[in-house]
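>
2 protein chains.
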Amino acid sequence: MTEQPEAQDTAAAHYDVSRYPRPSVTVDLVIFTIGEGQLRALLVQRGQWPFAGMWALPGGFVHLDEAIHAAARRELGEETGLAGGDIYLEQLYTFGEPDRDPRTRVITVAYFALLPADVSRRLQPGSDAAAVRWFSVYDLPELAFDHQRIIAVALSRLRSKLDWTPIAFRLLPEQFTMTQLRNLYSIILDRALDKQNFSKRMLHSRTPVIEAVPNAHLTGAHRPAQLYRFVQEGRYEWGATGGDGP
Amino acid sequence: MTEQPEAQDTAAAHYDVSRYPRPSVTVDLVIFTIGEGQLRALLVQRGQWPFAGMWALPGGFVHLDEAIHAAARRELGEETGLAGGDIYLEQLYTFGEPDRDPRTRVITVAYFALLPADVSRRLQPGSDAAAVRWFSVYDLPELAFDHQRIIAVALSRLRSKLDWTPIAFRLLPEQFTMTQLRNLYSIILDRALDKQNFSKRMLHSRTPVIEAVPNAHLTGAHRPAQLYRFVQEGRYEWGATGGDGP
DNA sequence: CCAAAAGTGTTATGCTTACACCCATGC
DNA sequence: GCATGGGTGTAAGCATAACACTTTTGG
Numbered sequence: 004m005t006e007q008p009e010a011q012d013t014a015a016a017h018y019d020v021s022r023y024p025r026p027s028v029t030v031d032l033v034i035f036t037i038g039e040g041q042l043r044a045l046l047v048q049r050g051q052w053p054f055a056g057m058w059a060l061p062g063g064f065v066h067l068d069e070a071i072h073a074a075a076r077r078e079l080g081e082e083t084g085l086a087g088g089d090i091y092l093e094q095l096y097t098f099g100e101p102d103r104d105p106r107t108r109v110i111t112v113a114y115f116a117l118l119p120a121d122v123s124r125r126l127q128p129g130s131d132a133a134a135v136r137w138f139s140v141y142d143l144p145e146l147a148f149d150h151q152r153i154i155a156v157a158l159s160r161l162r163s164k165l166d167w168t169p170i171a172f173r174l175l176p177e178q179f180t181m182t183q184l185r186n187l188y189s190i191i192l193d194r195a196l197d198k199q200n201f202s203k204r205m206l207h208s209r210t211p212v213i214e215a216v217p218n219a220h221l222t223g224a225h226r227p228a229q230l231y232r233f234v235q236e237g238r239y240e241w242g243a244t245g246g247d248g249p
Numbered sequence: 004m005t006e007q008p009e010a011q012d013t014a015a016a017h018y019d020v021s022r023y024p025r026p027s028v029t030v031d032l033v034i035f036t037i038g039e040g041q042l043r044a045l046l047v048q049r050g051q052w053p054f055a056g057m058w059a060l061p062g063g064f065v066h067l068d069e070a071i072h073a074a075a076r077r078e079l080g081e082e083t084g085l086a087g088g089d090i091y092l093e094q095l096y097t098f099g100e101p102d103r104d105p106r107t108r109v110i111t112v113a114y115f116a117l118l119p120a121d122v123s124r125r126l127q128p129g130s131d132a133a134a135v136r137w138f139s140v141y142d143l144p145e146l147a148f149d150h151q152r153i154i155a156v157a158l159s160r161l162r163s164k165l166d167w168t169p170i171a172f173r174l175l176p177e178q179f180t181m182t183q184l185r186n187l188y189s190i191i192l193d194r195a196l197d198k199q200n201f202s203k204r205m206l207h208s209r210t211p212v213i214e215a216v217p218n219a220h221l222t223g224a225h226r227p228a229q230l231y232r233f234v235q236e237g238r239y240e241w242g243a244t245g246g247d248g249p
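Protein sequence lines, in the order shown, are assigned to chains F and S.
The opening position of the first sequence corresponds to residue 4 in the numbering used here, with each subsequent residue numbered one higher.
The opening position of the second sequence corresponds to residue 4 in the numbering used here, with each subsequent residue numbered one higher.
(1) Report buried or exposed for S:G56, applying the criterion of at least 16 other Cβ atoms within 10 angstroms of its Cβ.
(2) Along the chain, which unbroken stretches of the beta strand (DSSP E) at least 3 residues long are found entirely within the stretch 61 to 95 of chain F?
(3) Return the first residue and the last residue of the beta strand (DSSP E) that F:R252 is part of.
(4) Against chain S, with Cβ distances strictly below 8 Å, would F:V140 count as a contact?
(5) Do three or more CB pairs link the stretch 41 to 57 of chain F to the stretch 81 to 93 of chain S at distances below 8 Å?
(6) Does the beta carbon of S:G245 sit closer than 8 Å to a beta carbon anywhere in chain F?
(7) Report yes or no: is there a C-beta of chain F within less than 8 Å of the C-beta of S:F64?
(8) List the residues of chain F that S:Q94 touches, going by C-beta distances under 7 Å, in chain order.
(9) Can you tell me whether S:S208 is buried or exposed? The criterion is at least 16 other CB atoms within 10 Å of its CB, across all chains shown.
(10) Identify the continuous alpha helix (DSSP H) that holds S:R204 and give its terminal residues.
(11) With DSSP as the reference, please indicate the residues paired to F:H220 in a beta bridge.
(12) Is F:F172 helix, strand or coil by DSSP?
(13) If you follow the beta strand (DSSP E) that F:L32 is in, where does it begin and where does it stop?
(14) Taking any Cβ of chain S, which residues in the stretch 22 to 46 of chain F have a Cβ under 8 Å from it, in chain order?
(15) Taking only beta-carbon atoms, is S:R108 less than 8 Å away from chain F?
(16) Does the stretch 67 to 76 of chain S come close enough to the stretch 152 to 164 of chain S to have 3 or more Cβ pairs within less than 8 Å?
(17) Thinking C-alpha only, which one of S:L161, S:K164 and S:V135 is nearest S:A59?
(18) Which residues in chain F have a C-beta closer than 7 Å to the C-beta of S:L67? List them in chain order.
(19) Nearest by alpha-carbon distance to S:R108: which of F:P119, F:R103, F:L67 and F:A86 is it?
(20) Give every residue of the same chain whose Cβ lies closer than 7 Å to the Cβ of F:Y96, excluding the five residues on either side of it in the sequence, and list them in chain order.
(21) I'd like to check one pair, S:E82 with S:L143: are the Cβ atoms closer than 8 Å?
(22) Confirm, please, whether the CB-CB distance from F:I34 to F:L118 is below 8 Å.
(23) Note down, in chain order, every chain F residue with its Cβ under 9 Å from the Cβ of S:V112.
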């Protein structure tokens, strides 16, 4: 029977539910951003047992009166100082091996977030002088708990979503050049991409996803580059952003 | 800080972890099968408050010393009588709105399972004369909790995985005709599929996924149909079956 | 003038789609 | 022999991949 431990019917069954031993439930966040030509994730250094001194994903407990996605967004805000709900946040997977935390049984619902490059650059990670740092996902330190695996799963999800959802734009400023966009894909997919074919795919696809910003050009050391913006053509199907669920 | 509620460091922090209020954690199962030309899901009728008399997904508590995927597989065995680990089982999503269960805070990790048509046909659902039944996913009764939504998410996941993973074969017997396979896709995707093009896609794809069984034909009312089988060409990348994780 | 980066065009390939057609069996 | 479902073939269209080329700026 649903919600019943041993498929037993008892008259007082609706009181039993709270008598069973309960695990702790946390959320852990894989916060991605693009910085200095690298895909980076935000990590915090642990101050105490277990895994004292090691780096770990930001996270925390889910409050009893709080939705899981709300806990994830709260943690995101606490960790980055970004209050707005405009940061991409998606539930990743739930990890719950009995021995993943030596203290007690802890089940963690992992989320991943995407910070636009310009946002994370303005950010003061660890403004309280705490040990909070961006790490390249291809050069991670030894991680606490099963966080290595969580990041691997997050990276895998990010990669696979890259070419069938417009998720990439959540890592870029509102306006960007074609080269920036291509570099983003190149960094995440970890392989070279043909300049022209990439551009064609983006601009001349059946349902166009980006459009040129009129009279907007990025002036730099060489020929000015056209600026593009993402176009949401009537609400795109995102994975899961604001609410709780896909 | 990870695993800490308020990002505070205290000396006795490793004792604090178990003092915080903890939610109950369950697993709920969306068990799919193909029966009588329909995509069906297994439901159980609730005997008590809350939602007494209504239909719900099979599920139960995660034991404290038990991995989540182990709990899901245990429930699958209890509900279907199938002990083997050869049934496809994949973590779907974690639902945890504070009010989704009127008894107390219950977070549920939803899984979906795929039963081959021949297996579910041999099955005695509700052998203990309990109210356990297969329902067409396109004609569901009113459901308890947020189970309607869980099924919707499961169906969506099943559909999207259909054409980039060999997940369909987990719903068919080991050998099947091309028409059976096409009907399966047709039922799940809820649209007609061209006979020849479907066959071509299956047989002449770059990495072939099925192969003809030599000298095996299904004899019926008309021309005998070739039997095919799935070919795993060196361990395919499944979503998540046995272990815990994608 | 020249290096560097932006942007354009052309061809080949391969998968998908839409159809038209033949084959084998039971009644 | 004929209805029914199983199986094969072909041509058009679209998207991608590979690659050579022109344009525009700053120094």
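C-beta atoms are modelled at their ideal positions from N, C-alpha and C, and glycine is treated no differently.
Reading off the structure:
(1) exposed
(2) 62 to 64
(3) What is shown of chain F runs 4 to 249, which leaves residue 252 of chain F out entirely.
(4) no
(5) no
(6) Bear in mind that the predicted position of S:G245 carries a pLDDT of just 43, short of 50, making it unreliable; the figure below should be weighed with that in mind. It does not: the Cβ of S:G245 has no partner Cβ on chain F nearer than 8 Å.
(7) Closer than 8 Å to some Cβ of chain F, the Cβ of S:F64 qualifies, so yes.
(8) Y96 and T97
(9) exposed
(10) K198 to L206
(11) F:Q229
(12) helix
(13) S27 to G38
(14) Y23, P24, R25, P26, S27, V28, T29 and D31
(15) Interface criterion met: the Cβ of S:R108 is under 8 Å from a Cβ in chain F.
(16) no
(17) S:V135
(18) P24, P26 and R108
(19) Measuring from the Cα of S:R108, the nearest candidate turns out to be F:L67.
(20) A113 and V156
(21) no
(22) yes
(23) T97, G99, I110 and V112
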